[in-house]
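I have placed the structure first, in the form of structure tokens, so that the comments after it can refer back to it.
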Amino acid sequence: FNVEEALYTRRVLGKVDATDADFGQNANLTYFIQPSSAELPFEISPHTGVFSVNGELDREREDKYILTVIARDNGHDNKLSSSVSVEVQVLDVNDNAPQFFAYDEILEWKHPEADELSNHNFESVMMIPVYKAKLAENAPVGTIVTKVYANDSDFIGNGNGLILYSLPQKKNQLNLFAIDSKEGIITTIGKLDYESQSVHNVTVVASDLGSPSLSSTAMLMLTVTDVPDDVEMADKPVFISRYYELEIEENVQTPVE
């Protein structure tokens, strides 16, 4: 049986059938799961063999169950039984957002919210991971600032556990940083200037490829250190992107521009 992870109340998955060639009570069968455990989120109807899930399935905790179902007749003198293995595969649902790790500290961010039903205001608290870094203002364009890390405990094969990184741009914000969407490496794509801005707070978003997509937010706090104006570093060439993908039809004449 295949079933998505969720909380269920006696959701029927199927039926286990057995036959007995005897007559009367000797052919009257009773089904049960062995070993019987109240912790297992499964049950079987003793008379019909209808197999159900009753409880919570969490793929991240247990992705497969292999159970033994016993069919036993009700013979008066000698009860006979047979067994069959029942496998339940728990399918992934995108129920986990990416989680940042290897950060430097946690920032507690409070912001006011209003409850329209009660007409009351209250404070909502978000815990934001913070990565810290320092760069001299004369660091050349293309310098690596830091690397952020996130993981997702959902299944990678269907995209629920795959992560892409991004730096959302605010209005009128200088475009000074870029992030490798796959690796989480943040680099400079513009010149830093200590005199105009000595600290940059950069929002970093990790989003999975589930549908709908789930995301988490972190912050890069970059401190720009002052360098005397007479100390300069020559700019080196830098690629705007770390990955370039092109499509070309087969059998075309070369060279292709």
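Sequential numbering of the sequence shown, starting at 787, is according to our numbering. From the three backbone atoms N, C-alpha and C, an ideal C-beta is built for every residue, glycine too.
{"Item": "According to DSSP, simplified to helix, strand and coil, what is residue 1004?", "Value": "strand"}
{"Item": "Alpha carbon to alpha carbon, how far is residue 803 from residue 827?", "Value": "20 Å"}
{"Item": "Under 8 Å by Cβ, that's how I've got residue 846 and residue 882 pegged, so tell me the actual separation to the nearest angstrom.", "Value": "7 Å"}
{"Item": "Out of 858, 976, 918, state which residue places its alpha-carbon closest to the alpha-carbon of residue 887.", "Value": "918"}
{"Item": "Under a three-way DSSP split, which group does residue 883 fall into?", "Value": "coil"}
{"Item": "Look at the alpha carbon of residue 964 and the alpha carbon of residue 995, and state the distance between them as a whole number of angstroms.", "Value": "20 Å"}
{"Item": "Would you identify the three-state DSSP class for residue 976, choosing helix, strand or coil?", "Value": "coil"}
{"Item": "Between which two residues does the beta strand (DSSP E) carrying residue 815 extend?", "Value": "815–820"}
{"Item": "Under 8 Å: do the stretch 948–957 and the stretch 920–931 share three or more Cβ pairs, one atom per stretch?", "Value": "no"}
{"Item": "Going by beta carbon distance, what residues of the same chain come within less than 8 Å of residue 933, once the five residues before and after it are set aside?", "Value": "969, 970, 971, 972"}
{"Item": "Is it true that the CB of residue 878 sits closer than 9 Å to the CB of residue 867?", "Value": "no"}
{"Item": "Select from 949, 935, 1004 the residue whose C-alpha is nearest the C-alpha of residue 912.", "Value": "1004"}
{"Item": "By DSSP, does residue 996 sit in helix, in strand, or in coil?", "Value": "coil"}
{"Item": "Would residue 938 and residue 884 qualify as a contact pair, given that the criterion is a beta-carbon distance under 9 Å?", "Value": "yes"}
{"Item": "If we require 3 or more residues per run, which beta strand (DSSP E) segments fall completely within the stretch 906–982?", "Value": "906–922, 930–933, 935–937, 949–952, 963–965, 971–974"}
{"Item": "Check residue 811 in the structure and name its three-state DSSP category.", "Value": "helix"}
{"Item": "According to the neighbour-count rule (16 or more other Cβ atoms, all chains shown, within 10 Å of its Cβ), is residue 809 buried or exposed?", "Value": "exposed"}
{"Item": "Quick one, are the C-beta atoms of residue 805 and residue 817 less than 9 Å apart?", "Value": "no"}
{"Item": "Just the Cα atoms here: how many angstroms apart are residue 832 and residue 855?", "Value": "10 Å"}
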